[in-house]
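Read the structure below first, then the notes.
In the numbering used here, the protein residues as written are 57 to 178.
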């Protein structure tokens, strides 16, 4: 009815899988159920830290006597959510202001060129 070789193969697979031949069956036969779960989404502070690191903003507490980057920065505590959000917003504001100034400078040069062109044709 059953193939003897297949039955022995299945038994050996279960013995190896659950470590039934070993002494500490309970210790080694535990299953990690995290493979069945999705990775948890980062918290709000975790997302802020990722965005700050992407923009190269220091995530550590401010202290004028300490440096915020380097080897010793890892031992400093991370700033609060409000402080991280404030730093991120100020960085975004500086970037947007720089972009607005570049656009204004380009439009100034175009306006000057149009003015000079109208003076030459007149």
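Virtual Cβ for every residue (Gly too), placed ideally from N, Cα, C.
Just so you know, these numbers come straight off a predicted model, no measurement behind them.
Item, Value
"Alpha-carbon to alpha-carbon, residue 131 and residue 82", "Low confidence applies to residue 82: its pLDDT is 48, below 50, so where it sits in the model is not reliable enough to give any reading."
"Limits of the alpha helix (DSSP H) - the one that residue 142 falls within", "137 to 177"
"Residue 104 - containing alpha helix (DSSP H), residue span", "100 to 110"
"Neighbourhood of residue 107 by C-beta, 7 Å cutoff - its chain only, sequence neighbours within 5 removed", "144"
"Stretch pair the region 134 to 150 + the region 100 to 119: three plus CB contacts closer than 8 Å", "yes"
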